[in-house]
Each structure stands twice: as C-alpha cells, then as structure tokens.
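Here is the structure we will look at, set down as structure tokens.
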Amino acid sequence: MAPLSKLALVALGTVKGVAAWGVLGHATVAYVAQNYVSSDTASWAQGVLGDSSSSYLANIASWADDYRETTAGEWSAPLHFIDAEDNPPSSCNVDYDRDCGNSGCSISAIANYTQRVGDGRLSTDNVAEALRFLVHFIGDVTQPLHDEAYKVGGNEIEVTFNGYSDNLHADWDTYMPEQLIGGDSLSDAQSWAKTLTTEINSGNYKSQAASWIEGDSTSDTVSTATRWASDANAFVCSVVMPNGAAALETGDLYPTYYNSAIGTIELQIAKGGYRLGNWLNMVYTSEIAKRDLEGSDQKVRDTASYPDLLGREFLPEPRPLSRAKLARAAMEGSCCGSGKHDH
Ligand SMILES: [Zn+2]
Ligand SMILES: [Zn+2]
C-alpha cells in the first residue's frame, strides 16, 4: 500500500511543500498568543524554551510538523488531528470516545502535554517538548479539517486553487492563508497577528472573544479541547463543504470559494491565539500552585501517577479500527517520503 500511495503523491505534480495549518498559520497563532500572556507567563515560557527573543512562541510553533516527519517523531503524527466520524455536510459533530484513535489524537495530546508542561518531575527537555507540542496542537485543533475524518480530513478531495492542483486540506492549511497575507515569513505572521489582535481588542471579534475561552479549564483538559474541536468541526458543514465535496472538485476555488472561507480562517487563527495565550496563563498559574504544594505536601506529589509520553491515560477504550481509521492509517503509512503533504 505504501509504495502505491507514494506514486500517487508524486503523480500529483504541482504540490507546494505544506504543513498543518502552514507555517504562517501556526506562527500567527503564536504571535496572537504572545499578546495575551501575562509578563510572568512570558518569562516562564521563555525560560522553558531557552529563547528570550520577541518570537519565542512563533519560533517553535511548527516544530511538531518537522518532528513528525523524522523517523524518531513518526509516532506523533496522529496527535495533529481528531478524525471526527460524522457525516458532512448534513451532520457535523465530535465524539471523543468514538473519534480519538488508539494511538491518540489532538485532544488527548493537548490534555497530556498540558499535564506534562507543569510536571516538575520531568526533565527540562521534556518540559520544553511539552510546551512546543502544546503551542502547535492548540493551533491545529482550530483548523476545521483537522477535526474531520471525511476523505481523510479533506486530504483526498482534489481541488484547484488559483491554478494549483492540490487537496482541500492543503488549501485550508496553507494556500488560502498565504493568498490573504502574501507570504509565510515570521514578519508576515507578526503583521497578521497584529491585525487579528486589534480585531479582538477593539474590532469585529471584541464581543465574542470571551466566549472563545468560556469554561476553559486546565483541570478538565479533555472536555475543554473537545469543545475547541467541536467548534471548529461545525465549520466543516457550514463553510468548508456546505454543498458536499463533489461541488468543490470542479473549477477553481479562487475567488468565489476563497471569499466564502477566508473570514472563517481568520476567525479560527484569532481564536487559536487567544485560547493559547489564556491556556498558557492558566498552565503557569497551576504550575506555581503545584510548586507550593511540593513544599507543603510531599506525599501528594509522590503518589501522583507519572504521565507517559503518548498520554495513554487519556485515551478512550481501545476498539477495532473503523473504515475512517483504516483510511487514515493507510495515509500515515505513506507519509514519510519526500513528497509527504498529508496532515
Ligand atoms: Zn493540516
Ligand atoms: Zn500539525
């Protein structure tokens, strides 16, 4: 199966080198978040990452995409998405127990790395790794097609965008954001983040921003991340493919479809950044709380379970692979050639 899929990838031809929300999207989420972290949280994160620059989160925002492409990091590929087995465009929903695969998903990963980043027993490297994963996955979960199993998250919906033949997932990750901003450098991301931050503070998003983080809690991480995934997944029915996938496979998605989608892309990037900033503030606060606990009650700390790297403790009960999970496994199996572009 893998060799056939590799051939298919090569045959696609004009494929941009793309990653999950592309580099631009992830860096923009990071810069927005930097505008909402407290100065104490910022100093803590800079210390964890060993980066005191003004791009400390943006610099590592796409690390997880590079890592998954290495042999050592292949295990982390399923953590970039949750394959919601719903039925767009007529029905969209996320069910954690139904949808999170046996090898983990974005929701279990957010829960696990939230726990690990505040776990004082872990090595400095493991804490830094946890923060790099968190910054990335809180971005991924806002991309609607990272919360959808249909056609392997749109990776198998072949479309044309502004003359480029690729798939719908890649258009959402990369082509459409870059069409809007005109590049994918850190300075492009910084200026996009500035625009989105203004919209949050005093513009179009001002009245709704509080609802983006309502109920978020680092003590109920699976529920929180499931809410984020459900929120993004709803756009699969309403915006990503409101008339089904076949309607997107003829003609060029630019400009009509682009114009119908770009507002949602901006909204989701803004949300991801706002949530990430707030989440890191809560993680920092609870980590400090834990440090106090260490001094006063050594016993509680010693009897707490030690988290594993994959976060198995957060996973639903193992079950047989569904057709959607088999399709994803086939795609992941083909993932590691130079032409890899699936997410
Ligand atoms: Zn992606
Ligand atoms: Zn990703």
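Residue numbers (my numbering): 827 to 1169.
From the three backbone atoms N, C-alpha and C, an ideal C-beta is built for every residue, glycine too.
- Query: Any heavy atom of ligand 2 closer than 7 angstroms to the CB of H995?
  - Reply: No, Cβ of H995 sits at least 7 angstroms from all heavy atoms of ligand 2.
- Message: I'd like the span of the alpha helix (DSSP H) that includes E974, first residue to last.
- Response: Here E974 belongs to no alpha helix (DSSP H), and DSSP marks it neither H nor E.
- Span separating the alpha-carbon of L1093 from that of S865: Annotation: L1093 to S865 spans about 25 angstroms, alpha carbon to alpha carbon.
- Which residues DSSP lists as bridging A984, in chain order: Reading off the sequence, residue 984 comes out as Glu, not Ala. According to DSSP, which records beta bridges pairwise, E984 is partnered with N993.
- Item | Whole-angstrom C-beta distance between T1021 and L1079, which should lie under 8 angstroms | With 8 angstroms as the limit, L1079 and T1021 do not qualify as a contact, their Cβ atoms being about 23 angstroms apart.
- How many angstroms separate the CA atom of R1149 from the CA atom of D921? It is roughly 16 angstroms from the alpha-carbon of R1149 to the alpha-carbon of D921.
- Exposed or buried, which one is S902 when buried takes at least 16 other CB atoms within 10 Å? Buried, since its Cβ has 16 or more Cβ neighbours within 10 Å.
- Reference P1146, options S1033, G1008, C926 and W1038, closest by Cα: For P1146, the nearest C-alpha among the options comes from C926.
- With a threshold of 16 other CB atoms inside 10 Å of the CB of D1010, please say whether the residue is buried or exposed. Around the C-beta of D1010, 16 or more other C-beta atoms lie within 10 Å, and the residue is accordingly described as buried.
- Should A1072 go down as buried or exposed, given a rule of 16 or more other Cβ atoms within 10 Å for buried? Under this definition A1072 is an exposed residue.
- What runs of the alpha helix (DSSP H), each 4 residues or longer, lie entirely inside the stretch 839-911? Listed in chain order, the complete alpha helix (DSSP H) runs (minimum 4 residues) inside the stretch 839-911 are 849-860, 865-875 and 889-894.
- If you draw a straight line from the alpha carbon of N861 to that of S1037, how long is it in whole angstroms? Each residue's alpha carbon lies about 18 angstroms from the other.
- Item | Backbone CA spacing between R894 and H906 [nearest angstrom] | Spanning the two alpha carbons is a distance of roughly 9 angstroms.
- Between D966 and ligand 4, is the CB less than 7 angstroms from at least one heavy atom? Among the ligands in the structure shown, ligand 4 does not appear; only ligand 1 and ligand 2 can be found there.
- State the Cα-Cα distance for the pair L994 and N981, rounded to the nearest angstrom. Roughly 6 angstroms separates the two Cα atoms.
- Run the proximity test for Q1094: is its beta-carbon closer than 7 angstroms to any non-hydrogen atom belonging to ligand 1? Because no heavy atom of ligand 1 lies under 7 angstroms away, the Cβ of Q1094 does not count as near it: no.
- Within the same chain, show all residues whose beta-carbon is closer than 6 angstroms to that of G1099, passing over the 5 residues directly before and after it, in chain order. Within the same chain, Cβ atoms closer than 6 angstroms to the Cβ of G1099 are found at V855, V858 and A859, the five residues on either side in sequence being excluded.
- Grab the span of the alpha helix (DSSP H) containing M1002 for me, first residue to last. Where M1002 is concerned, the enclosing alpha helix (DSSP H) stretches over M1002 to I1007.
- Query: Exposed or buried, which one is A910 when buried takes at least 16 other CB atoms within 10 Å?
  - Reply: Burial call: buried.
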